[in-house]
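A.B. asks:
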């Protein structure tokens, strides 16, 4: 295993163009770390610098405490799995997996043993005689992983390895990679733009934007306590609802004032914190899964909004919204609807809440057995929990 530490690491290309800016991060032995971000954010460049495929402009990279800025890639004992698989088309599965060991001069008997053991682990033992053209996308990806595993590296670097697979294969390979990490216990650094992969696979998520490391934490920490609105929006599908508000004081109590003058009372435990922000603008964030079908307490305040569109997604119904309170993203069958044969709205959204920095968006699902008909229009709703950013 290996610990990897980046200290003020930057990468600058021509014309003073920064790809990575002053990244500070420590990856512990055996940790599964996900670099997540949009295209061009610097996540793949960071991974390539760890591998030694890109030079470091400034800063220091340490592996197991040793400075490796000038150590060649082959001497870092790190395996890289690429998005394109990078398999030799004229070689069989067994030959592809053995290639790296042959280049290192490993004895043939040891190569055969390692290839056989790894193939059995990955379910490739019946495919060793095939060439890449005769394999499915998932099988090719397992061959690429197997070629890395047989080398017994101290860390694995995976650059969007599942992006070429269809949805079902991606789900299967996510599970396989999680099992593989638990079995090997090796350090893994994984690059992706897919938030589902990041949330389900990683011990820790590192979100990047414009070359900066914006936030690092466990999946639930980052999801529940996003550092800013970019993280909140990027790590959410359907996207989080963001609403501009102003902190107001009325009769000694603190409220959030929405467009149109509507007031939402801040929870008792957060009153003191928000008192010092009185008169300042803040952004209110509401996760789609925090919509509820009914009021569950007197402190759950009603919130009106206008449904502009509805997307039926099976167990979820999404209602995409503009940037104001005239619409909301909802991810539950509890959204804008009427019971068949009923003339009155049946949907509500709950609101208790604001914390000192951001309120954890507690997961909730509303299940209904009776069929619902969806009718866009004005509804009165309740929201369970909120996040705010000053």
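Numbering (UniProt numbering), first residue to last: 1 to 390.
For glycine and all other residues, C-beta sits at the position ideal for the given N, C-alpha and C.
Cutting at 6 Å between CB atoms, please list the residues of its own chain near residue 97, excluding the five before and the five after it.
C.D. replies: Hits under 6 Å: 115, 146, 147 and 150.
A.B. asks: Check this for me: beta carbons of residue 80 and residue 157, under 7 Å apart or not?
C.D. replies: Against a cut-off of 7 Å, the Cβ pair of residue 157 and residue 80 comes out as a contact.
A.B. asks: Could you check what DSSP says for residue 118 in three-state terms: helix, strand or coil?
C.D. replies: In the structure shown, residue 118 sits in a helix (DSSP, three-state: H, G or I).
A.B. asks: Could you spell out the range, first to last residue, of the beta strand (DSSP E) harbouring residue 8?
C.D. replies: Counting along the chain, the beta strand (DSSP E) containing residue 8 begins and ends at 4-13.
A.B. asks: Quick one: what does DSSP say residue 280 is sitting in, helix, strand or coil?
C.D. replies: It is coil, neither helix nor strand.
A.B. asks: How would you call residue 322, buried or exposed, if buried means at least 16 neighbouring beta carbons within 10 angstroms?
C.D. replies: Interpretation of residue 322 is limited by its pLDDT of 43, a score under 50 that renders its predicted location unreliable; the figure taken from the coordinates is listed afterwards. Exposed, by the Cβ-count rule.
A.B. asks: Pick from 283, 8 and 37: whose alpha carbon is nearest that of residue 258?
C.D. replies: Residue 283 is the option with its Cα nearest to residue 258.
A.B. asks: For the alpha helix (DSSP H) that contains residue 173, what are its first and last residues?
C.D. replies: Where residue 173 is concerned, the enclosing alpha helix (DSSP H) stretches over 167-184.
A.B. asks: Nearest to residue 178 by CA position, among 14, 32, 226 and 5, is which residue?
C.D. replies: Cα-wise, what sits closest to residue 178 is 32.
A.B. asks: Where does residue 190 sit, in a helix, a strand or coil, going by DSSP?
C.D. replies: Residue state, collapsed to three classes: strand.
A.B. asks: Quick check: what's the CA-CA separation for residue 186 versus residue 30?
C.D. replies: If you take the alpha carbons of residue 186 and residue 30, they lie about 5 Å apart.
A.B. asks: For residue 218 and residue 203, I'd like the C-alpha separation in whole angstroms.
C.D. replies: Approximately 6 Å, taken between the alpha carbons.
A.B. asks: Residue 278 to residue 256, Cα distance in whole Å?
C.D. replies: Cα to Cα, residue 278 sits roughly 9 Å from residue 256.
A.B. asks: Please confirm if the region 6-15 is in contact with the region 53-70, defined as three or more CB-CB distances below 8 Å between the two stretches.
C.D. replies: Cβ pair count under 8 Å is three or more, so yes.
A.B. asks: Would you mind stating whether residue 180 and residue 132 have Cβ atoms separated by less than 7 Å?
C.D. replies: Taking 7 Å as the Cβ cut-off, residue 180 and residue 132 do not qualify as a contacting pair.
A.B. asks: Could you tell me whether the Cβ atoms of residue 45 and residue 19 are closer together than 7 Å?
C.D. replies: Their beta carbons are under 7 Å apart, which means residue 45 touches residue 19 by this criterion.
A.B. asks: What three-state label does DSSP hand residue 244 in the structure shown?
C.D. replies: Residue 244: strand per DSSP, three-state reduction.
A.B. asks: Does DSSP put residue 131 in a helix, a strand or coil?
C.D. replies: Coil at residue 131, not helix or strand.
A.B. asks: What alpha helix (DSSP H) runs, 4 residues minimum, are completely inside the region 205-238?
C.D. replies: Listed in chain order, the complete alpha helix (DSSP H) runs (minimum 4 residues) inside the region 205-238 are 219-224 and 229-234.
A.B. asks: Within 10 angstroms of its Cβ, does residue 331 collect 16 or more other Cβ (buried), or is it exposed?
C.D. replies: Reliability fails at residue 331, whose pLDDT of 44 lies under 50, so the model's placement of it is uncertain and no value is given.
A.B. asks: Among 276, 287, 154 and 39, which has the Cα closest to the Cα of residue 28?
C.D. replies: With distances taken between Cα atoms, residue 28 lies closest to 154.
A.B. asks: When the Cα atoms are used, what is the spatial distance from residue 271 to residue 198?
C.D. replies: Cα to Cα, residue 271 sits roughly 34 Å from residue 198.
A.B. asks: Pick helix, strand or coil for residue 394, following the three-state DSSP scheme.
C.D. replies: The chain is shown only over 1 to 390; residue 394 falls outside these bounds and no answer can be derived.
A.B. asks: Write down every uninterrupted run of the beta strand (DSSP E) in the region 10-92 whose length is 3 residues or greater and which is fully enclosed by it, in chain order.
C.D. replies: If we require 3 residues or more, the beta strand (DSSP E) runs fully inside the region 10-92 come out as 17-27, 32-36, 58-63 and 78-81.
A.B. asks: Hey, how far is the Cα of residue 211 from the Cα of residue 58?
C.D. replies: Each residue's alpha carbon lies about 14 Å from the other.
A.B. asks: Express the C-alpha separation of residue 48 and residue 2 in angstroms, rounding to a whole number.
C.D. replies: Cα to Cα, the separation comes out at about 17 Å.
A.B. asks: Mapping the DSSP letters down to three states, classify residue 152 as helix, strand or coil.
C.D. replies: In the structure shown, residue 152 sits in coil (DSSP, three-state: anything other than H, G, I, E or B).
A.B. asks: Can you give me the start and stop residues for the beta strand (DSSP E) that residue 405 sits inside?
C.D. replies: This structure gives no information on residue 405, because the portion of the chain shown stretches from 1 to 390.
A.B. asks: For the candidate residues 42, 38, 26 and 35, whose alpha-carbon lies nearest to that of residue 17?
C.D. replies: The shortest Cα separation from residue 17 among 42, 38, 26 and 35 belongs to 42.
A.B. asks: For residue 207, verify whether its CB is less than 6 Å away from any heavy atom of the ligand HEM.
C.D. replies: Although the ligand HEM was asked about, the structure shown includes no ligands whatsoever.
A.B. asks: Which residue from 99, 143, 104 and 109 puts its Cα closest to that of residue 120?
C.D. replies: Nearest C-alpha to residue 120: 143.
A.B. asks: Along the alpha helix (DSSP H) that carries residue 275, what are the first and last residues, could you check?
C.D. replies: Looking at the DSSP string, the run of the alpha helix (DSSP H) that includes residue 275 is 271-275.
A.B. asks: Could you give the distance in angstroms between the alpha-carbon of residue 248 and the alpha-carbon of residue 263?
C.D. replies: Approximately 8 Å, taken between the alpha carbons.
A.B. asks: So, is residue 252 buried or exposed, given that buried needs 16 or more other C-beta atoms within 10 angstroms?
C.D. replies: By the neighbour-count rule (16 or more Cβ atoms within 10 Å), residue 252 is not buried but exposed.
A.B. asks: Following the continuous alpha helix (DSSP H) through residue 196, name the residue where it begins and the one where it ends.
C.D. replies: Run containing residue 196: 195-201, per the alpha helix (DSSP H) assignment.
A.B. asks: Would the beta-carbon of residue 173 fall within 7 Å of that of residue 162?
C.D. replies: Their beta carbons are under 7 Å apart, which means residue 173 touches residue 162 by this criterion.
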